[in-house]
Amino acid sequence: MNPRWWLVPFTLIVALMLVMMPLPEGTEPFRPDWVTLVVLYWAIAVPQRFGLTIAWFSGLLVDVAQGALLGQHALGIVLVCAIAIHEHQRLRVCPVAQQAIIITALLLVKQALMLWISGMVGRAPDNIWLYFASPLMTLIFWPVVFALLRDLRRRYQMA
263 MNPRWWLVPF TLIVALMLVM MPLPEGTEPF RPDWVTLVVL YWAIAVPQRF GLTIAWFSGL
323 LVDVAQGALL GQHALGIVLV CAIAIHEHQR LRVCPVAQQA IIITALLLVK QALMLWISGM
383 VGRAPDNIWL YFASPLMTLI FWPVVFALLR DLRRRYQMA
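In the numbering used here, the protein residues as written are 263 to 421.
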C-alpha cells in the first residue's frame, strides 16, 4: 500500500468541510462545487489510483451533508469523473485556463443533471439561472485548486 494513501481522503474531507461551511445570505448559489473539483483533479492527475468508487462515496457524502436526494450528487460526480478519467491524457496537456473551461463545461452538465433530478422529485429551485452560478465560479477557482493539489501531490511524491 502506498504510504501516501491518506492524501486523497484528506483533500476530499477538506472539500466536504468547505461545502458545509456556512456562507453569508445570498452568496450560497455562488459556492463552488469543491468536492467535484477535488474529485476531478484526482481523476485527471492519478486516474490509476482514483476510481469511480471514491467519486461515488464522495457524492453520497455531499448528498448527506446538503440534505439532497440520496444518490443525486453521487450520480453527477460519477458521470463527470468517468468523463475526466476517460479523457485524462488530453486534459493533462491542456493549459490550466483551457482546463478551467472544460471543467466548467463538465460542471454545467452535472448541474443540469442535478436540476433535472430535482425537478423530477418536485424540488426545483426558484431561480434556475442562479442555479448555474456555482459551476461558473469554477472558472475562477479551478486554477487555485489545481495549483494547491498539484503542489501537495508533488510534495508528497504521489505518482
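Quick reminder that beta carbons are idealized off the backbone N, C-alpha and C, glycines included.
For Pro397, the three-state secondary structure derived from DSSP is helix. Contact between the segment 361 to 380 and the segment 309 to 329 is absent: fewer than three C-beta pairs spanning the two stretches fall below 8 angstroms. The beta-carbon separation of Leu392 and Pro291, rounded to 5 angstroms, stays under the 8 angstroms limit for a contact. Rounded to the nearest angstrom, the gap between the Cα atoms of Phe319 and Ile365 is 20 angstroms. The count of Cβ pairs closer than 8 angstroms, one atom from the segment 275 to 284 and one from the segment 375 to 392, stays below three, leaving the stretches out of contact. Segment contact: the segment 298 to 314 against the segment 282 to 290, fewer than three CB-CB distances shorter than 8 angstroms; contact not assigned. With contacts defined by Cβ atoms closer than 8 angstroms, Gln361 and Phe394 do not form a contacting pair.
Put simply, the backbone Cα of Arg416 is about 11 angstroms away from that of Ala307. In this structure, the alpha-carbon of Arg412 lies about 34 angstroms from that of Ile390. Comparing C-alpha distances from Phe403 to each of Arg354, Phe272, Val300 and Ala305 shows the shortest one belongs to Val300. Going by beta carbons, Asp295 and Pro405 fall outside the 8 angstroms limit. Take Arg266, set aside five residues on each side of it, and the residues of its chain with a beta-carbon closer than 6 angstroms to its own are Tyr418 and Met420, in chain order.
The C-beta separation of Ile347 from Pro286 comes to about 36 angstroms, leaving the pair out of contact by the 8 angstroms criterion.
As the crow flies, the alpha-carbon of Ala305 is around 13 angstroms from that of Pro271.
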